[in-house]
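Down below is the structure, laid out as structure tokens.
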Amino acid sequence: MCVLVEGRASLVVWREGVTVEHIRAMGEVTARDSTGTLVWLPEGGTRVPDDVRQELAEIMRGTPDGIIHNRGLAYVLDTPGFSAAIARTAITALNLLARPAYPVKVFSTLEAAFEWLVAQGAVKGDPGSLSMQVRAADDAHRARVGA
């Protein structure tokens, strides 16, 4: 998992092996600093352990002080196939159960997610350009860590 904060928006790149500690770190950054969050699962659906799912639901309910900074949370599973479709359905179900304190949507493309986040006032910019920047940042990060 990689959490990047650009201005007031957070980008979380979620790959295999996400733990409760990762989710807590994401929650601290997004609660404190973000007006919008994009969680990108570039490798498709991943199995989410129950403890991680519960921690994620807690974060989605809002901050302890009751102040909601996040104007939107967008999940992106942009790989084709059945497992990604199942994962999008599972995330949507989690959102219904968690009752997030802010709008949450699931998308199949980065561009669609950025269109929605721009409309929510969570980020500024051209959705296509933002998508290219995210992909470039992920490529650069993966090159640095040898992934």
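Every letter in the sequence shown is one number past the one before it in this note's numbering, and letter 25, counting from 1, is 27.
Built from N, CA and C at the ideal position, the CB exists for glycine as well.
Just so you know, these numbers come straight off a predicted model, no measurement behind them.
Item checked: Ala27 versus Glu57: straight-line alpha-carbon distance, rounded -> 11 Å
Answer with buried or exposed for Arg73, where buried requires no fewer than 16 other C-beta atoms within 10 angstroms of its C-beta.
buried
Q.
Which same chain residues end up closer than 8 Å to Ile69 when comparing Cβ atoms and leaving out the 5 residues on each side of it in sequence?
A. Its pLDDT being 47, under 50, Ile69 is placed unreliably in this model, and the value from its coordinates should be taken loosely. Closer than 8 Å at Cβ, skipping near neighbours: no residue.
task = Taking Tyr77 and Ile93 to be in contact with their CB atoms under 8 Å, please state how far apart those CB atoms are, rounded to whole angstroms.
result = 5 Å
On the three-state DSSP scale, how would you describe Ala87?
helix
### Message
Does Val120 come out as helix, strand or coil in the three-state DSSP assignment?
### Response
helix
Q) Start and end of the beta strand (DSSP E) containing Ser12? A) 11-15
Discussion item. I'd like the list of long-range same chain contacts for Ala115, defined as Cβ closer than 7 Å, with 5 residues on each side in sequence excluded.
Written reply: Leu40, Ala76, Val78, Phe109
### Message
Contact defined as beta carbons within less than 8 Å: I believe Pro44 pairs with Asp140. What is the distance between those atoms, to the nearest angstrom?
### Response
7 Å
| task | Determine the contact status of Leu119 and Gly38, defining contact as a CB-CB distance below 9 Å. | result | yes
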